[in-house]
Amino acid sequence: MPEIVPLPVVPDHPELSELRSRALACQACSIAERRTHVVFGEGNPFAPLVLVGEGPGETEDHTGRPFVGRAGKLLDRALGDCGLSRNDVYICNTVKCRACDWEGTKATNRAPTELEALNCRQWLIPQLGLIRPLVILCVGAPSAKNLIKKNFQITKERGKYFPGELAKVMMATLHPAYILRQANISGDGGYSLLVADIDRAWQTALKLRDRAAEQATLQGELEL
Ligand code: SF4
Numbered sequence: 022m023p024e025i026v027p028l029p030v031v032p033d034h035p036e037l038s039e040l041r042s043r044a045l046a047c048q049a050c051s052i053a054e055r056r057t058h059v060v061f062g063e064g065n066p067f068a069p070l071v072l073v074g075e076g077p078g079e080t081e082d083h084t085g086r087p088f089v090g091r092a093g094k095l096l097d098r099a100l101g102d103c104g105l106s107r108n109d110v111y112i113c114n115t116v117k118c119r120a121c122d123w124e125g126t127k128a129t130n131r132a133p134t135e136l137e138a139l140n141c142r143q144w145l146i147p148q149l150g151l152i153r154p155l156v157i158l159c160v161g162a163p164s165a166k167n168l169i170k171k172n173f174q175i176t177k178e179r180g181k182y183f184p185g186e187l188a189k190v191m192m193a194t195l196h197p198a199y200i201l202r203q204a205n206i207s208g209d210g211g212y213s214l215l216v217a218d219i220d221r222a223w224q225t226a227l228k229l230r231d232r233a234a235e236q237a238t239l240q241g242e243l244e245l
């Protein structure tokens, strides 16, 4: 079992906590029958940057926390290489329950179906609406296809900005699970791209936050 990083200490966001409580009881898809936990998301609920992956795997299902398996550890490392921790950002998935096929008691991960992804938008969209991030970083192609556009092409469009309704800008990066697979084949598997994308997304989020604060100050002065 991989080592699990401690839960982040975060400020209270009552409306998000309420949404989470309701999501934990969700039975909208058949995968709810054999899940261990609904993996709602975690981190700073007031973060300017939200990272959104596809869905939980085995370790996430067991712990109820997003990105805590091998891929999650790589994501933590990438955040650390940008001078960040889970306390600085918010991390969640488009689908909150582990999608897998069962053979007796043996489960094999599979990609969530379109229906499962569609059903789970009932939690994802209000979740993002309550956090109101300035930048959303989609981690992996399925998340980008769900949130940016259906025909998103990760090889061509990774690292580019797209306008969004749920954040000022949206961008996609490589999934750490993909990087782990690629790293066995050649080089760093794209790890440096993941770090560069997180860093760029974070710097953009900070600039947008500063700009919004300046505009609010100016507005306040004009109304005096
Ligand atoms: S995947 Fe989402 S919509 Fe489906 S049961 Fe789980 S929480 Fe509900």
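In the working numbering, the protein residues as written are 22 to 245. Glycine included, each C-beta is placed from N, C-alpha and C at the ideal position.
Judged by pairs of C-beta atoms under 8 Å, the region 78-89 does not touch the region 151-158, as fewer than three such pairs exist.
Annotation note: the region 103-175 contains the following uninterrupted beta strand (DSSP E) runs of length 3 or greater, listed N- to C-terminal: 111-114, 121-124, 127-130, 156-160. Residue 77 is bridged by DSSP to nothing; it lacks a bridge partner. A straight line joining the alpha-carbon of residue 234 with that of residue 241 spans about 11 Å. Apart from sequence neighbours up to five positions away, the residues of its chain that approach residue 90 with a beta-carbon distance below 8 Å are 23, 78, 79, 80, 81, ordered along the chain. About 6 Å separates the CB atoms of residue 73 and residue 113; that is less than 8 Å, so the two are in contact. According to the DSSP assignment, residue 216 belongs to the alpha helix (DSSP H) that extends over 212-243.
A residue is called buried when at least 16 other Cβ atoms come within 10 angstroms of its Cβ; residue 110 meets this threshold and is buried. About 4 Å separates the beta carbon of residue 188 from that of residue 157, a gap short enough to meet the 8 Å contact definition. Taking the Cβ of residue 137 as the reference point, at least one heavy atom of the ligand SF4 falls within a distance shorter than 7 Å. Taking the C-beta atoms as reference points, residue 121 is found nearer than 8 Å to residue 130.
For residue 64, the three-state secondary structure derived from DSSP is strand.
Remark: the C-beta of residue 222 is outside contact range of the ligand SF4, defined as less than 7 Å to any heavy atom. For residue 140, the shortest C-beta to heavy atom distance toward the ligand SF4 is below 7 Å. Separation of the CB atoms of residue 95 and residue 223 is rounded to 17 Å, and the pair is thereby denied contact status at 8 Å. CA-CA distance, residue 57 to residue 143, rounds to 20 Å. Residue 49 sits in coil when the DSSP states are folded into three classes, being neither helix nor strand. Here residue 88 is not bridged, per DSSP, to any residue. For residue 197, the three-state secondary structure derived from DSSP is helix. Residue 35 sits in a helix when the DSSP states are folded into three classes.
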